[in-house]
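Undergrad: Counting from 2, one number per residue, gives the positions in the sequence shown under this note's numbering. Glycine residues also receive a C-beta, built at the ideal position from the N, C-alpha and C atoms.
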Amino acid sequence: MQNSYAQYLYLMNEVSKVLITALAAGVFVYFNNFINDKRKAQLERINKQLGEFYGPLYSLIKSNQIAWEAFCKKHEVKRVFFDPLDWPSEEKLIAWRLFMNVVFGPAHEKIYEIIVSKSDLLIEDNMPESLLDLISHILIYKTVRAQWKNGDFTEHTSIINFPGEAQEYISTSFIKLKKEQYFFLHNNILKIVLSKKYWA
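#1: Which residues in the same chain have their Cβ closer than 6 Å to the Cβ of Phe175, if we skip the five residues on either side of it in sequence?
#2: Can you name the residues that DSSP bridges to Asp84?
#3: Which two residues bound the contiguous alpha helix (DSSP H) that contains Gly205?
#4: If contacts are defined as beta-carbon pairs under 8 Å, then Leu94 and Lys49 qualify, I think. What distance do you get, rounded to the angstrom?
#5: Give the C-beta separation of Leu61 and Ala96 to the nearest angstrom, bearing in mind that I take them to be a contact with Cβ-Cβ under 8 Å.
#6: DSSP on Gly152, reduced to helix/strand/coil?
#7: Is it true that the stretch 132-141 meets the stretch 150-168, where meeting means three or more beta-carbon pairs spaced less than 8 Å apart?
#8: Across the stretch 99-117 and the stretch 136-147, are there enough close Cβ pairs to call them in contact, namely three or more that are closer than 8 Å?
#9: Which value, in whole angstroms, describes the spacing of the CA atoms of Asn65 and Lys177?
#10: Can you tell me whether DSSP reads Ser159 as helix, strand or coil?
#11: May I have the straight-line CA-CA distance separating Pro85 from Ser120, to the nearest angstrom?
#12: Going straight from the alpha carbon of Arg40 to that of Ile115, what length do you get?
#13: Are Ile47 and Glu169 close, meaning C-beta to C-beta below 8 Å?
#14: Apply the 10 Å Cβ neighbour rule to Ile171 and answer buried if 16 or more other Cβ atoms are within range, or exposed otherwise.
#15: Looking at the structure shown, is His187 part of a helix, part of a strand, or coil, going by DSSP?
#16: Check for me: the alpha helix (DSSP H) holding Pro57 runs from which residue to which?
#17: In three-state terms, what does DSSP make of Asn127?
#18: Looking only at C-alpha atoms, which of Glu156, Glu166, Asn14, Trp69 sits nearest to Trp88?
#19: Could you tell me the alpha carbon to alpha carbon distance between Glu70 and Met101, rounded to whole angstroms?
Right, dumping it as structure tokens:
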């Protein structure tokens, strides 16, 4: 009788071990899948933000900046192009209109389209003020360029200046997302789970 009871206890102990091992394995698999799915979703979101919003904006803004610096160097712009105390010559105004129509204009239209159509990819919940100023600047310049097309050259600037804050915002956000992308691609699961980025 005692032998049978001992066998029973032994059997129950072995069954308990199997059940505990199976339960632990199940819990591990569940949380491992949960962590990996969350990591994958976060990485996909970052890739989409970089590929469709901040990446294209960053490229356009940076290439515009390089083109503008080249324009200023060619036309010997010392401080600002439209200086009320030193207004550009007619030759320079013609060069400006050409530059706006060929370089800045098309780039601005792409920037406007990206911001308006892809705003769901913003890092923030609401549209940053600097981007609102940027699309307003672009819209107003469209009316100026339309006047040029009709032969009216009385206006050469937008009443809203190009917001430098927008350029800073785009550059800062692009770099921030690139760092997060690298983090999720090149770190182990434990480090990712323990980071603030994972739980953001």
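TA: So, from the data block:
#1: Tyr55, Tyr59
#2: Asp87
#3: Nothing about residue 205 can be read from this structure; the chain reaches only from 2 to 201.
#4: Rounded, the Cβ-Cβ distance is 42 Å, inconsistent with contact.
#5: That pair is no contact at about 21 Å.
#6: coil
#7: yes
#8: yes
#9: 21 Å
#10: coil
#11: 37 Å
#12: 26 Å
#13: no
#14: buried
#15: helix
#16: 56-75
#17: coil
#18: Glu156
#19: 14 Å
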